[in-house]
Amino acid sequence: MDMNQYLSMFIDESNDHLQSLNDNMLQLEGNPEDLGIVQVIFRSAHTLKGMAATMGFEDLASLTHKMENVLDLVRNEKLKMQDYIFDTLFKSLDALESMVQDITSGGEGKADVSAIVASLQAIESGEWTGGETPAATTTAKPVESISSAVDLDEFQYSVLDQSIAEGHRVFYIDVLVSEDSQLKGVRAYMVFDLLERSGEVVKSFPTVQDIEQEKFERSFSLYYITTKEAQELEKSILSISEIESAKVIQLDQETLQQMTNQAAAAVEAETVAIATAVSQEIATAVKTEEKPAAKQPAAPTKQAAAPSRTIRVDIERLDVLMNLFSELLIDRSRLEQLASETGNNDLSDTVAHLSRVSSDLQNIVLKLRMVPVDTVFNRFPRMIRDLAKTLDKKIDLVITGAETELDRTVIDEIGDPLVHLLRNAVDHGVESIAERVAAGKPEMGTVNLRAFHSGNHVFIEIEDDGKGIYREKLLQTAIKRGVVTEEQGAKMSDDEVNQLLFAPGFSTADKISDISGRGVGLDVVKSKITSLGGNVTIHSTPGKGTNFSVQLPLTLSIIAAMLVRVGSEKYAIPLSSIVETAIVQREQVRNIHGNKMITFRESLIPYLSLNEVFGVPDFNDEDESETEIVVIRKGDRLAAVSVEEFIGQSEIVLKSMGTYLPSIEGISGATILGDGQVALIVDPNAFIK
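Set out below in structure tokens:
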């Protein structure tokens, strides 16, 4: 039987089961005595194993079978869940996700999971009794033996790769402390402190915590982002007392990939002995594995599940449907204009009915593309759990509004910025347990992730109850790094100071960490959200916490806009960015320090002339005695844009400018009007800096 026809279904179902396994494992970690949750986890694992075996993915089926054996002991009360068992099962889920990703990209779902299988086997056989981990007893090896490269996770690799692409220098640094040094932890700290003054440490080996506690021999390695030269760095490191040698290697994207592969190979080499020992056991497990329909204890159910009334639709079909409807919307606008010009009542009535039907159809098409943000949020509890364990912090992630819906296009792009912001909140926002107790706060920090609708926007907020942002400390760091001058800083409002966090390469960390973006991430967050037509603001109370608020448009395909005319050209301004329209006299436009300003609601706001910005040849608002203006907003800031004439409101289809035209500042796309003309869509965010 050809199984390829079922591959797409297998991938979708596997991802659903893996998400369910992650969610239920987190619930079980909070309530390890609840055998009902164990039953649910066991059934998901069993179903996934059966599917994988049927499709011929033996590695995936074998690993799931070993997980199933451990879970079977737990549900039969022959084994109690403990931290090491949870960690091993979570590592197993990570490996399964990697296998499914490999299958998705055309692979065979192969992976070296011998170390994980050995741990599961040790738990199952009773060799592990709650003390030292089995891996430590069988493969203990000095950390300095892995000196060729430091293993990177996907997030850290992407930060380094993007930094190289943006022109930063990325180095791999290997430092050796003198053998007779009595304070090797202090010497290592001095090296890190020196490097932090002119760049960012992304990953170190051993970890920062181990280095601070002197849990390393003589050497340590790290990945580093800076603008300095290799020779200058090496000379600076060697100038520190009791540093015997420093190897500084500059990486490009190719060598970074090679280093990552080398690190993976080093880890694989360490587990060869385990792989040999358990390979026979895995083969036996596959041969003797029961069929998917094997007897399993039935889970008690309170009521029969309702039959599914949903179907899976390929995303490309929805994209085609949206494109076809976009063309229909353009023709509808053309018909409405023709009906108004001809004055034929029958035609006008028919077009009015067509407009009502197409409006209903439009709502349905847009709703088909709407996806709950839960599809993005559901991976964060596991991530926060792992970060909290790594940083030795207690974090409670509270998610609200996960049912809030966003356009699929926005959903696809918003995941990475939210990862950056959450990592930042856990690493830099929430204090350590000792600091929280000293400040009179509970040991467990809280990070709120909430989503809600407001008008034509969706807001996603990430709020922590940590130490907050201190204006003076932030300013001093910005001045020290050359982001602003002291004079500029003195004139900035608190909101403007907070926005400095989004400056490229900016970081306020007091000490080194392997977790957050280390300043190489928040500027990426800002640019990504802005490219989606959104905005991000920061509100913070020192000592109480910080709130990052991300404002996003509901959809990127069809928007409501105000059509305006400037000379012979027409422009569309998104209604979501407009505060109001008005008419001002020329004498109301004032020139303050070389900048044009007008008074609006008892405050001065910048005044921009659209014909000057885009160089419209056949109109000059200087010749007008009064000028129409559109007041636009970006976050809390306002600006006034002058136009010649308001045409009216309309729903427009957003069309890309294509790859042949360069990116033009102030223009986010174009649309086709009812008369067949092309109108450029103005990007108000570009006018307010």
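Going letter by letter, the sequence shown gives residues 103 to 791 in the numbering used here. Built from N, CA and C at the ideal position, the CB exists for glycine as well. Note that the structure is predicted; figures quoted are calculated from it, not measured.
Quick check on this structure: which residue in the options has the alpha carbon closest to the alpha carbon of residue i?
i: Phe-479; options: Ile-497, Lys-182, Ile-417, Thr-502; result: Thr-502
i: Glu-565; options: Asn-550, Leu-577, Val-422; result: Asn-550
i: Val-638; options: Leu-520, Thr-149, Glu-682, Ala-772; result: Leu-520
i: Glu-115; options: Met-594, Met-157, Met-127, Gln-141; result: Met-157
i: Met-361; options: Tyr-274, Lys-698, Val-467, Val-219; result: Tyr-274
i: Leu-677; options: Tyr-291, Met-699, Ile-783, Lys-337; result: Ile-783
i: Asp-514; options: Met-485, Asp-476, Glu-281; result: Asp-476
i: Val-522; options: Asn-722, Asp-282, Val-627, Glu-537; result: Correcting the residue type first, residue 522 is His in the shown sequence and not Val. If we check each option's Cα against that of His-522, Val-627 comes out closest.
i: Ile-205; options: Phe-159, Asp-196, Leu-175, Leu-222; result: Phe-159
i: Ser-457; options: Ala-741, Phe-702, Glu-753; result: Glu-753
i: Asn-787; options: Asp-777, Ile-734, Leu-775; result: Ile-734
i: Ile-113; options: Ala-290, Leu-150, Glu-429; result: Leu-150
i: Lys-337; options: Val-532, Thr-701, Leu-297, Thr-357; result: Leu-297
i: Arg-481; options: Met-153, Ile-339, Asp-518, Lys-469; result: Asp-518
i: Leu-603; options: Thr-579, Lys-543, Val-560; result: Thr-579
i: Met-485; options: Pro-474, Glu-505, Ala-504, Asn-526; result: Asn-526
Hey, is residue i's beta-carbon within less than 8 Å of any beta-carbon in chain D?
i: Leu-137; result: Checking the listed chains, one finds no chain D in this structure; it contains a single protein chain.
Counting C-beta neighbours from all protein chains within 10 Å, is the total for residue i 16 or more, i.e. buried, or is it exposed?
i: Asp-725; result: exposed
i: Pro-655; result: buried
i: Met-183; result: buried
i: Ile-766; result: exposed
i: Met-664; result: buried
i: Glu-704; result: exposed
i: Gly-209; result: exposed
i: Ser-670; result: exposed
i: Gln-258; result: buried
i: Asp-161; result: buried
i: Glu-302; result: buried
i: Ile-417; result: exposed
i: Phe-554; result: exposed
i: Asp-720; result: exposed
i: Lys-168; result: buried
i: Ala-406; result: Note that Ala-406 scores 42 on pLDDT, short of 50, meaning its location in the model is unreliable; the coordinates nonetheless yield the value given after this. When all chains shown are included, Ala-406 counts as exposed.
i: Gln-141; result: buried
i: Val-528; result: buried
i: Ala-290; result: buried
i: Leu-120; result: buried
i: Leu-324; result: buried
i: Glu-356; result: exposed
Can you look up residue i in the DSSP assignment and give me helix, strand or coil?
i: Gln-779; result: coil
i: Val-202; result: helix
i: Ala-400; result: Below a pLDDT of 50, predicted positions are generally treated as unreliable, and Ala-400, at 42, falls in that range; the measurement from the model is reported next regardless. If DSSP states are grouped into helix, strand and coil, Ala-400 belongs with coil.
i: Tyr-572; result: coil
i: Leu-278; result: strand
i: Ile-187; result: helix
i: Leu-162; result: helix
i: Glu-115; result: helix
i: Asp-725; result: helix
i: Gly-152; result: helix
i: Gly-771; result: strand
i: Gly-595; result: Checking the sequence shown, residue 595 turns out to be Ser, not Gly. Three-state DSSP puts Ser-595 in coil, outside helix and strand.
i: Asp-416; result: coil
i: Thr-357; result: helix
i: Gln-315; result: coil
i: Ser-670; result: coil
Could you tell me whether any non-hydrogen atom of the ligand FAD is closer than 7 Å to the CB of residue i?
i: Asp-174; result: Looking at this structure, you won't find the ligand FAD or any other ligand, since it has none at all.
Between residue i and residue j, which are expected to be in contact by the criterion C-beta below 8 Å, what is the C-beta distance as a whole number of angstroms?
i: Ile-101; j: Lys-672; result: An answer regarding residue 101 cannot be provided, because it is not within the stretch 103 to 791 covered by the chain.
i: Asn-117; j: Val-202; result: 6 Å
i: Glu-747; j: Arg-688; result: Incorrect: roughly 16 Å between the Cβ atoms, too far for contact.
i: Ala-147; j: Glu-170; result: 5 Å
i: Val-732; j: Thr-683; result: 5 Å
i: Gly-768; j: Val-715; result: 6 Å
i: Leu-358; j: Val-219; result: No, Leu-358 and Val-219 are not in contact; Cβ-Cβ is about 30 Å, not under 8 Å.
In terms of DSSP beta bridges, what is residue i paired with?
i: Gly-547; result: Ile-497
i: Asn-637; result: Gln-653
i: Ser-306; result: Leu-324
i: Tyr-709; result: Ala-742
i: Asn-693; result: Lys-698
i: Arg-735; result: Leu-740
i: Ser-347; result: Leu-278
i: Ala-662; result: Glu-753
i: Gly-211; result: BP columns for Gly-211 are empty, so no partner.
i: Phe-472; result: Correcting the residue type first, residue 472 is Met in the shown sequence and not Phe. Paired residue(s): Asp-509.
i: His-167; result: Answer is none; His-167 lacks a bridge partner.
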